[in-house]
Amino acid sequence: MSVRVRFAPSPTGEPHIGNVRTVVFNWLFARKMGGQFILRIEDTDRVRYQPETIPVIMEGLRWLGLDWDEGPGLEELQRAGIEDAERYAVGGPYGPYIQSERLPLYRQVAEELVAVGWAYRCNCSPERLEQVRQAQRARGQPPMYDRHCRYLPPDAISPDEPHVIRLKVPLTGRTTFQDVIKGEVIFENAGIDDQVLLKSDGFPTYHLAVVVDDHYMKVTHVIRGDDWVPSTPKHVLLYQALGWEMPVFCHVPLVTMPGGKKLAKREGATSITEFRKQGYLPEALLNFLALLGWAPGEGEEQEIFSRAELIERFDLYRVNRAPAAFSYDKLDWMNGVYIRSLSPDDLLERLLPFWQDAGLIPAPCPPQTREVLRRIVPLIQERIKHLTDVVELTDFFFTEIAPPPAEELLAQGLDAERAREVLRRTREVLANVSDFGEETIEPPLRALVAELGLTTRQVFGLIRTATTGKAVSPPLFGTLSILERERVLARLEAAEAQLTAR
RNA sequence: GCCCCCAUCGUCUAGCCAGGUUAGGACACAGGCCUUUCAAGCCUGAAACACGGGUUCAAAUCCCGUUGGGGGUACCA
């Protein structure tokens, strides 16, 4: 039978990067095994529901290259009020793939469980439940539902009055399951709460919905975060009660922040959208995430893997047991590696939106500007770690610069008079050079350095500051050539004036 | 509190299952080379088996305990 896995986000916000790593494992496993990767929307929490995050989640997956074989279809997306539903509709034979579209199914299963004695109705008020929990805590007992309604006569609560349906967990014995990563995990039934399966608003809780959907969608492997381990016995009980075949469970370790701190949904954990905005390449992020908690092993020392290589080598059974800390340092390095490996034209295309967002070049990029960019890219390719870095590194090509203050011009240790001389002589040289190509500029400037008896650092540093306004810039001769003679001479003159004014 | 999971350089990890390694690699860090700045590249360095007991000729590897970390404990997922 074909492997079927799923990512089932709840549209209450954008998934944090730890969740995304788990999605990567799911996707890699599906592709490796030639199976299906399913996207299911778990919108059963009506309080925290934010429909607008559905397309954001989908957009993020697409950007990362995590395509899904089955997922919400056109009509259900339209009913959810998603704009551009056509753009995201995939559909599939086991839909609908949005849980709010499957309500009758959950209710039916819940009623079945009540009928066979595996579940019961409960109309305890939230206040009473809270009181019970507080009392238990005060006594130093684990907070659990006291099963008040479990022992009521079967007809004590009418199906028509507001109530929830709870799982009737066996009071004794133990529930166990085999986990791909952890091996056998054992829970005493006495410690398992009578979990609510169907809420009073008619929506299922995660526990009911996940079991029902995974069953009917023929999911074979449940690959999810470690945080689900404690609720897995409830799911196992449900599978047993319903007589359904169990999927393979695989609980992958969580991802923490660099300090080892918790990576909770709202703790500023970065989302795919944020990484994208910060100038990370999707292939770099994918590569990095795949290596967070997994390594090919067998003495393999390669760390840069193409998408195809990751699929080929990924092994779910080799995923680590211990949680992994996210490292921006390593991601940055990897992003730089990927940026350097791009063809200049490809890099140019990816850089374009960042230059445009910064207002440095017009939105439809004119052909002339593109030619300039084509000359700039090779100069900066090995100097940026993020696509966003290009803005600060190249802005002086597109905007006028304020003449640098004297102290910056004199940073190389020259006195004002000497610096003025350097600038004046440089202007003479550059005014008379036959053409303004990189190779034509360099020899006479080097000759000038020798003639003046100064160091290249002193002279070129001064020219750099004068023409770019920065102490750090792309390689000087290429930069001057792209700037062109007129602007270079003007900036040199302006700098000279700065020193004179002094 | 109770339940569950986890433990190799600062970080990601290889090695563990099938005991014998100078415990390997990468990021970051330090020093050097190259060099017009910054990068990139190259070379070198520092850096780990959490602790305590077993088992064994031999333990990072197997067992137990301790400590530490993480997760769960909702009509959230």
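For the first sequence, the numbering used here gives the first residue as 191, with consecutive numbering after it. Just so it is clear, CB atoms sit at the ideal spot from N, CA and C, and this is done for glycine as well.
| task | Could you name the residues of the same chain whose beta carbon sits closer than 8 angstroms to that of M524, not counting the 5 residues immediately before and after it, in chain order? | result | Residue numbering aside, residue 524 sits at position 334 when the first sequence is read from its first letter. Same-chain partners within the cutoff: A474, N477, F478, E493, I494.
| query | By Cβ distance, which residues of its chain are closer than 6 angstroms to R221, with the 5 residues on each side in sequence left out? | reply | Here residue 221 refers to the residue found at position 31 when the first sequence is read from its first residue. The answer, listed in chain order, is I501.
| query | Roughly how many whole angstroms lie between the Cα atoms of A328 and V322? | reply | As a first step, residue 328 must be located in the first sequence, where it is residue number 138. As a first step, residue 322 must be located in the first sequence, where it is residue number 132. Approximately 10 angstroms, taken between the alpha carbons.
| request: Output the distance between the C-alpha atoms of L613 and A685, rounded to the nearest integer angstrom. | output: Residue numbering aside, residue 613 sits at position 423 when the first sequence is read from its first letter. Residue numbering aside, residue 685 sits at position 495 when the first sequence is read from its first letter. C-alpha separation (whole angstroms): 8 angstroms.
| said: I need the straight-line Cα distance from A592 to V527, nearest angstrom please. | reply: In the first sequence, residue 592 corresponds to position 402, counting from 1. In the first sequence, residue 527 corresponds to position 337, counting from 1. Between the alpha carbons of A592 and V527 lies a distance of about 34 angstroms.
| task | Go ahead and pull the three-state DSSP assignment for C339. | result | Here residue 339 refers to the residue found at position 149 when the first sequence is read from its first residue. C339 falls in the helix class under three-state DSSP.
| Tell me which same chain residues have a C-beta within less than 6 angstroms of the C-beta of L428, skipping the five on either side of it? | As a first step, residue 428 must be located in the first sequence, where it is residue number 238. Excluding sequence neighbours, L428 sits near V401.
| query | In its own chain, which residues sit with a C-beta less than 7 angstroms from the C-beta of C312, not counting the 5 before and 5 after it? | reply | For the purposes of this step, residue 312 is identified with residue 122 of the first sequence, where counting begins at 1. Within the same chain, C312 has close Cβ partners C339, H353, V354, R356.
| query | In whole angstroms, what is the alpha-carbon distance linking E249 and H411? | reply | Numbered from its first residue, the first sequence carries residue 249 at position 59. Numbered from its first residue, the first sequence carries residue 411 at position 221. If I take the Cα positions, the gap works out to 25 angstroms.
| CB of P448 within 8 angstroms of CB of A514, strictly | Walking along the first sequence from the start, residue 448 turns up at place 258. Walking along the first sequence from the start, residue 514 turns up at place 324. In this structure, A514 does not lie closer than 8 angstroms to P448 by Cβ.
| said: For a test of the three-state rule: what should DSSP assign to T460, helix, strand or coil? | reply: Here residue 460 refers to the residue found at position 270 when the first sequence is read from its first residue. If DSSP states are grouped into helix, strand and coil, T460 belongs with coil.
| Distance, Cα to Cα, I462 vs G224? | Counted from its first residue, the first sequence places residue 462 at position 272. Counted from its first residue, the first sequence places residue 224 at position 34. Taking the straight line joining both Cα atoms gives about 26 angstroms.
| said: Does P543 come out as helix, strand or coil in the three-state DSSP assignment? | reply: Position 353 of the first sequence, counted from the start, is the residue given in the question as residue 543. Helix at P543.
| Which of helix, strand or coil DSSP assigns to L219 | If you number the first sequence from 1, residue 219 lands on position 29. The question names Leu, yet the displayed sequence has Phe at residue 219. Helix.
| said: I'd like to know if the region 239-257 and the region 200-216 are in contact, where contact means that at least 3 CB-CB pairs between them fall below 8 angstroms. | reply: yes
| query | According to the Cβ coordinates, are L682 and T616 closer than 8 angstroms? | reply | Mapped onto the first sequence, residue 682 falls at position 492. Mapped onto the first sequence, residue 616 falls at position 426. Their beta carbons are under 8 angstroms apart, which means L682 touches T616 by this criterion.
| request: Give me the Cβ distance between Y396 and E291, rounded to the nearest whole Å; I'm assuming they're in contact under 8 angstroms. | output: In the first sequence, the residue the question calls residue 396 occupies position 206. In the first sequence, the residue the question calls residue 291 occupies position 101. Y396 to E291, Cβ: 16 angstroms. No contact.
| Since L583 contacts A621 with CB under 8 angstroms, what's their CB separation in whole angstroms? | Taking the first residue of the first sequence as position 1, residue 583 is located at position 393. Taking the first residue of the first sequence as position 1, residue 621 is located at position 431. So it is not a contact: roughly 27 angstroms between Cβ atoms.
| request: Below 8 angstroms CB to CB, which residues in the same chain sit around T655 once its five sequence neighbours on both sides are set aside? | output: Position 465 of the first sequence, counting from 1, holds the residue named residue 655. If we look at T655 and ignore the five residues flanking it on each side, its Cβ neighbours are P594, E598, L599, A601, A661, A685.
| task | Check whether the Cβ atoms of K358 and A309 sit closer than 8 angstroms, and answer yes or no. | result | On the first sequence, residue 358 is found 168 positions in, with the first residue counted as 1. On the first sequence, residue 309 is found 119 positions in, with the first residue counted as 1. For K358 and A309, yes; Cβs fall inside 8 angstroms.
| request: Determine which residues share a DSSP beta bridge with T366 and list them. | output: Here the question's residue 366 lines up with position 176 in the first sequence. I376, per the DSSP bridge assignment.
| Going by beta carbon distance, what residues of the same chain come within less than 6 angstroms of S565, once the five residues before and after it are set aside? | Against the first sequence, residue 565 aligns to sequence position 375. In the sequence on display, residue 565 carries Arg and not Ser. Closer than 6 angstroms at the Cβ level, and outside the excluded window around R565, lie I672.
| Expressed to the nearest angstrom, what Euclidean distance is found between the alpha-carbon atoms of T646 and E628? | Mapped onto the first sequence, residue 646 falls at position 456. Mapped onto the first sequence, residue 628 falls at position 438. Straight-line spacing of the CA atoms in T646 and E628 works out to 16 angstroms.
| query | Under the three-state reduction of DSSP, which class applies to P394: helix, strand or coil? | reply | For this step, residue 394 is matched to residue 204 along the first sequence. P394 falls in the strand class under three-state DSSP.
| message | Any heavy atom of the ligand SAH inside 7 angstroms of the beta-carbon of R573? | response | By its list of ligands, the structure shown contains no ligand whatsoever, and the ligand SAH lies outside what it can speak to.
| If you run the structure through DSSP and keep just helix, strand and coil, what is T234? | As a first step, residue 234 must be located in the first sequence, where it is residue number 44. Coil, per DSSP.
| said: Taking contact to mean 3 or more Cβ pairs, one atom from each stretch, closer than 8 angstroms, check whether the region 372-384 and the region 273-290 are in contact. | reply: Under the Cβ criterion (8 angstroms, minimum of three pairs), the region 372-384 does not count as touching the region 273-290.
| query | Would M191 be called buried (16 or more neighbouring beta carbons within 10 Å of its own) or exposed? | reply | Here residue 191 corresponds to residue number 1 of the first sequence, with the count starting at 1. The residue in question, M191, is exposed, as its Cβ has fewer than 16 Cβ neighbours within 10 Å.
| field | Burial state of P394 (16 or more Cβ within 10 Å) | value | In the first sequence, residue 394 corresponds to position 204, counting from 1. When all chains shown are included, P394 counts as buried.
| task | Assign Y470 to one of two classes, buried (16 or more other C-beta atoms within 10 Å of its C-beta) or exposed (fewer than that). | result | Position 280 of the first sequence, counted from the first residue, corresponds to residue 470. Flag for Y470 reads buried.
| request: Go ahead and pull the three-state DSSP assignment for H353. | output: For the purposes of this step, residue 353 is taken as residue 163 along the first sequence, with counting starting at 1. Correct three-state label for H353: coil.
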